[in-house]
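Quick note on numbering: my numbering labels position 346 of the sequence shown as 965, and the sequence is numbered without any gaps.
Using N, Cα and C, we set each Cβ at its ideal position, and we do this for glycine too.
Note that the structure is a prediction, hence the values are computed from the model and not measured.
Following: one structure in structure tokens, then a few remarks.
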Amino acid sequence: MGYFLIGFLVVVLSVGNVIEEANGEIPRTILGKIERINQKGPYLGIVAPNNYELNPLLGSKAYVPSSSLPFIDFAGRKFRFGKLSNQPVVIVMSGLGMVNAGVTTQLLVSLFRLKGVLHYGIAGNADVNLEIGDVTIPQYWAHSGLWNWQRYGDGIDNELALESGGDYTREVGYLQFSKYSNRTDNLLNRVWYQPEEIFPVTGTPEERQHVFWIPVDKSYLKLARKLEDTKLPQCVNTTCLPRPPKVTIVKRGMSASVFIDNAAYRTFLNSKFNATAVEMESAAVALISHQQNLPFIVIRALSDLAGGGSDVSNEASIFSSLAAENSVHILVKFVALLPPHGSKIQSE
Numbered sequence: 620m621g622y623f624l625i626g627f628l629v630v631v632l633s634v635g636n637v638i639e640e641a642n643g644e645i646p647r648t649i650l651g652k653i654e655r656i657n658q659k660g661p662y663l664g665i666v667a668p669n670n671y672e673l674n675p676l677l678g679s680k681a682y683v684p685s686s687s688l689p690f691i692d693f694a695g696r697k698f699r700f701g702k703l704s705n706q707p708v709v710i711v712m713s714g715l716g717m718v719n720a721g722v723t724t725q726l727l728v729s730l731f732r733l734k735g736v737l738h739y740g741i742a743g744n745a746d747v748n749l750e751i752g753d754v755t756i757p758q759y760w761a762h763s764g765l766w767n768w769q770r771y772g773d774g775i776d777n778e779l780a781l782e783s784g785g786d787y788t789r790e791v792g793y794l795q796f797s798k799y800s801n802r803t804d805n806l807l808n809r810v811w812y813q814p815e816e817i818f819p820v821t822g823t824p825e826e827r828q829h830v831f832w833i834p835v836d837k838s839y840l841k842l843a844r845k846l847e848d849t850k851l852p853q854c855v856n857t858t859c860l861p862r863p864p865k866v867t868i869v870k871r872g873m874s875a876s877v878f879i880d881n882a883a884y885r886t887f888l889n890s891k892f893n894a895t896a897v898e899m900e901s902a903a904v905a906l907i908s909h910q911q912n913l914p915f916i917v918i919r920a921l922s923d924l925a926g927g928g929s930d931v932s933n934e935a936s937i938f939s940s941l942a943a944e945n946s947v948h949i950l951v952k953f954v955a956l957l958p959p960h961g962s963k964i965q966s967e
């Protein structure tokens with residue numbers, strides 16, 4: 620009987636542990652580690668999209684992992700701790716797309732004591748005045764994947780579904796799919812781009828606001844201007860770009876969970892929105908940072924022409940590694956410009 624009770628208790632405790640892990644609750648052991656880490660903060664939170672962008676940063680001589688607690692695994696993410704150019708940092712990889720980037724950034728800012736968020740990686744280039752390999756630092760970011768798709772037969776002046784209730788708007792603009800056809804009309808009509816519905820920590824809970832263009836932190840942007848025209852490597856093995864890549868501040872970047880390899884849409888995004896960097900994560904990082912009232916900036920190196928180049932293959936297959944290295948190089952240089960740990964940069 621005694622052996623039976625002991626065995627029963629082991630089973631109950633084991634099931635309890637499984638439930639604790641399954642229901643999303645933070646285990647006590649992880650909470651204890653987070654508390655210890657936060658005592659040494661605040662940190663810069665750094666979000667990398669994927670492994671090929673993360674690995675060059677982890678391999679950089681400027682990054683020194685923590686000897687006492689190099690990482691914490693939680694919620695399918697690995698949060699790495701250390702110093703980058705003598706700044707305490709928490710580094711995490713988000714994975715592909717807006718949902719992954721949003722979830723990862725929210726975990727980052729909720730779990731750890733941060734003073735700012737930095738995001739970096741590669742992007743498609745929608746601006747004919749820039750070259751592959753250039754590192755762009757946009758002043759504004761927007762999510763270009765939130766649409767209200769208008770029914771066939773309605774015109775520009777027709778009210779959108781649910782527009783009168785304040786859910787949707789025609790202020791941002793639209794893309795008329797029915798123009799892109801073989802000289803005949805089609806049933807796709809047009810999609811109207813929509814601002815995000817947000818709930819800032821400085822606002823009233825459940826009282827929504829709307830935002831389309833999210834500005835990066837002005838103080839961070841001022842520091843980033845010191846990096847403009849930095850010359851960067853231009854060759855991958857024996858394949859070289861027409862000129863050395865440079866760093867440039869651009870007006871706007873746009874994100875959606877869509878890989879753009881289409882010349883027509885590339886041209887549309889640039890002519891309609893003055894967008895340069897087009898990719899799949901940055902607007903999510905921007906939206907979370909903005910709602911959490913944390914300064915942020917995004918550094919994206921151009922790896923391809925988003926469909927505007929050769930019709931044989933996408934340039935990213937050749938230049939993504941160079942672009943990833945360039946984005947890390949500028950990230951490290953940017954971090955080195957920040958005030959020493961313990962002092963604060965005045966957010967504007």
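Rounded to the nearest angstrom, how far is the Cβ of alanine 742 from that of alanine 896, given a contact under 8 Å? About 4 Å; that satisfies the 8 Å criterion.
Is threonine 648 near the ligand MN, judged by its Cβ being under 6 Å from some heavy atom? The ligand MN is not part of this structure, which contains no ligands at all.
First and last residue of the uninterrupted beta strand (DSSP E) at glutamine 758: 754-762
I need the boundaries of the alpha helix (DSSP H) containing glutamate 944, first residue and last residue. Going by DSSP, glutamate 944 is part of the alpha helix (DSSP H) stretching over 935-956.
Flag this pair as yes or no: are the beta carbons of tyrosine 739 and isoleucine 918 separated by less than 7 Å? Yes.
Excluding sequence positions up to five away, which residues of its chain have a Cβ less than 7 Å from the Cβ of valine 951? Ser679, Ala681, Leu703 and Ser704
Looking at valine 810 and leucine 794, is the spacing between their C-beta atoms short of 7 Å? yes
Backbone CA spacing between glutamate 790 and tryptophan 760 [nearest angstrom]: 17 Å
DSSP-derived helix/strand/coil call for proline 668: The three-state secondary structure of proline 668, taken from DSSP, is coil.
Classification of serine 908 by the beta-carbon crowding that lies within 10 angstroms, buried from 16 upward: Burial call: buried.
Determine the direct distance from the alpha carbon of lysine 841 to that of valine 736, and round the result to whole angstroms. 16 Å
Give a yes or no on contact between the stretch 767-774 and the stretch 879-888, applying the rule of three or more CB pairs nearer than 8 Å. no
CA-CA distance, leucine 673 and methionine 873? C-alpha of leucine 673 to C-alpha of methionine 873: approximately 21 Å in a straight line.
Can you name the start and end residues of the beta strand (DSSP E) that glutamine 795 belongs to? 793-795
Can you say whether lysine 850 is buried or exposed, counting buried as having 16 or more other CB atoms within 10 angstroms of its CB? exposed
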